[in-house]
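See below for the structure under consideration.
Residue numbers (the UniProt record's numbering): 1 to 357.
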């Protein structure tokens, strides 16, 4: 343990790229004070808040995560929420600083666990919506369909909410408990005006999150349950908040709108392995008059690439075979062996499927 601490102490902290790792492993050792040197604590928290969420890695990961919802359609509801003031999830979690913060394990960025969103929405559903309709109370039909029971997991999936990679995400915050002996019950003394406040630093979060809720039933009925679950989450996050210190105003989020899932990427009809129709044409290269060339054919018409009809060449392994089997002007079905249409000149290499006899 001592050797590890000494090794960590010698590292260049200005190059830290993972804020979560920094918080858990880079706390400076202080031997001579129970409370620690305030200047050391200040530098530690400031560096942590400036490190978390920086760099291009998370931007790339977040973009990939957004694209992962492409084509989900009516089974997914994606909504943007902005933290009204500050948010702190995992405050009571184990941490060297004695004040935790929930961060993404891989990227070290703030995250709202899906279980937290589900928990506050379920409680809000029972306490608020359940007052007007018993089916929304715990054990009721609507509550069971959305949140599940001990026997059934329910039909709505609450994913972890990721923070958008824009701006500063983590800020240094301070709470000042005045009556430590009273709260800790050290001797059972009552709180008085003579108790001294003890400042405690912790990190809180600002910024915008994308909250993703999914229904495992793609039917119209499933979409209606998804809509209800989304409304529940919007109300619960706005009125009650999520995470720690909600009674002090932390954790509340404003709904900023629904985000449509991205369109799935269009499939390239000329990708390797795709089947196309081509027509044999005379060689367009005077120096290679015997070269086997084709043009793409769609609906009986020749398709040109940059005014070059001879965009298709036979794959080298099949040149001789195809030259004997395919007559000039004949159409055949082939498989794309290599797509090189971005080259100059563009080329599409093809290989035969069933050659005419």
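Ideal Cβ placement from N, Cα and C applies to all residues, glycine included.
In this text the structure is predicted, and so the values were computed from the model without any measurement.
No Cβ-Cβ contact shorter than 8 Å links residue 336 with residue 252. Sorting 113, 171, 202 by C-alpha distance to the C-alpha of residue 161 places 113 at the top. 57 is the residue among 122, 266, 57, 77 whose C-alpha sits nearest the C-alpha of residue 104. Less than 8 Å divides the Cβ of residue 240 from the Cβ of residue 246. DSSP places residue 68 outside both helix and strand once states are collapsed to three, so it counts as coil. The segment 67-149 contains, as complete beta strand (DSSP E) runs of 3+ residues, the segments 76-83 (chain order).
Of the candidates 180, 22, 203, 107, 180 places its Cα closest to the Cα of residue 194. Residue 285 carries a coil assignment under DSSP once its states are collapsed to helix, strand and coil. Take residue 159, set aside five residues on each side of it, and the residues of its chain with a beta-carbon closer than 6 Å to its own are 114, 212, in chain order. Assignment of beta-bridge partners to residue 280 by DSSP yields 294. Minimum Cα-Cα distance from residue 174 among the listed residues 121, 324, 250 corresponds to 250.
Here residue 296 is not near residue 314, since their CB atoms are 8 Å or more apart. For residue 69 and residue 75, the gap between their C-alpha atoms comes out near 10 Å. Membership of residue 233 in the alpha helix (DSSP H) is indicated by the continuous run 220-239. Residue state for residue 250 is assigned as coil, using DSSP reduced to three classes.
Note on residue 102: 16 or more other CB atoms within 10 angstroms of its CB, so buried under the neighbour-count rule. Annotation: the continuous alpha helix (DSSP H) that includes residue 320 extends over 319-325. Here residue 285 is exposed: its Cβ has fewer than 16 other Cβ atoms, across all protein chains shown, within 10 Å. One Cα belongs to residue 202, the other to residue 272, and the distance between them is close to 54 Å. A straight-line Cα-Cα distance of about 13 Å links residue 232 and residue 224. In this chain, the beta strand (DSSP E) harbouring residue 352 covers 347-352.
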